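Residue numbers (the working numbering): -13 to 245. Ideal Cβ placement from N, Cα and C applies to all residues, glycine included. No experiment lies behind these values; they were computed from the predicted model shown.
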């Protein structure tokens, strides 16, 4: 469904991502992990065509993204950044309605079917009782759900999330990731997201991409990727990894810095 083929990204003559390749199948949840500064968010932004790449290609359903218009891409894919901001007086309903504009002509008004989709997206993200409230008045988890509702209103095939749990406390992190899993499970939505927490990446992902120094260090299921050797090599940390063959979801306990 989604193919990243040997892309390289350069910033001010410095190569940030080098010869990076991986594939995402329809309906998968894929997390991108790696140390700070390794290029995780840069990779995701390039995949969404928010950043240019000087080599390689990205294909969606066999079509090169560079041959698609911004509007065509927005109908198939939506990316949410680490921290999103809405005008102080914008309501949840108004924010979610912006998700319909990739499907509208210039100055075309929202129709009854658009309003149905907006209401559906608000209900799907459990925000019905908040739809007339301003986004600025919401808690961190509620606000993140509102932005995900906007993404849902686009009806994308792929949802890209850049550190969706950053700035959130533990309960709101769980709330957002459970919503992501619900959308994936109930709607078959393909999800790619950058995560810092290794246990969250292990628990919520079908496959995990490990980025180290701008290069692909590993790519596979959580059981294949989340090993003590990987954590020592990539994060310079010793760890214990508990593995349940029934769940195929390793649990990582970090111990101390590796020497």
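TODO: Drop a sphere of 10 angstroms on the beta-carbon of residue 38, count the other beta-carbons inside from all chains shown, and report buried for 16 or more, exposed for fewer.
DONE: exposed
Task: Burial state of residue 190, where buried means 16 or more other Cβ atoms lie within 10 Å - done: Residue 190 should be labelled buried.
Open item on the list: Taking the alpha-carbon of residue 1 as reference, which of 241, 200, 242, 36 has the nearest alpha-carbon?
Closed with: Per the C-alpha coordinates, the member of 241, 200, 242, 36 positioned closest to residue 1 is 200.
Task: Close-in-space but distant-in-sequence residues of the same chain around residue 14 (CB under 7 Å, 5 per side omitted) - done: 176, 192, 193.
TODO: Look at the alpha carbon of residue 146 and the alpha carbon of residue 166, and state the distance between them as a whole number of angstroms.
DONE: 11 Å
- [ ] Taking the CB atoms as reference points, tell me whether residue 222 and residue 228 lie closer together than 7 Å.
- [x] no
- [ ] Look at the alpha carbon of residue 202 and the alpha carbon of residue -2, and state the distance between them as a whole number of angstroms.
- [x] 22 Å
TODO: Evaluate residue 23 with the Cβ neighbour count: other Cβ atoms within 10 Å of its Cβ, from every protein chain shown; 16 or more gives buried, anything less gives exposed.
DONE: exposed
Open item on the list: Among -13, 12, 4, whose alpha-carbon lies nearest the alpha-carbon of residue 170?
Closed with: 12
Task: Exposure label - residue 40; buried when at least 16 CB within 10 Å - done: It counts as exposed.
Open item on the list: My assumption, with CB atoms under 8 Å, is that residue 20 sits in contact with residue 196. Please give the rounded CB distance.
Closed with: 6 Å
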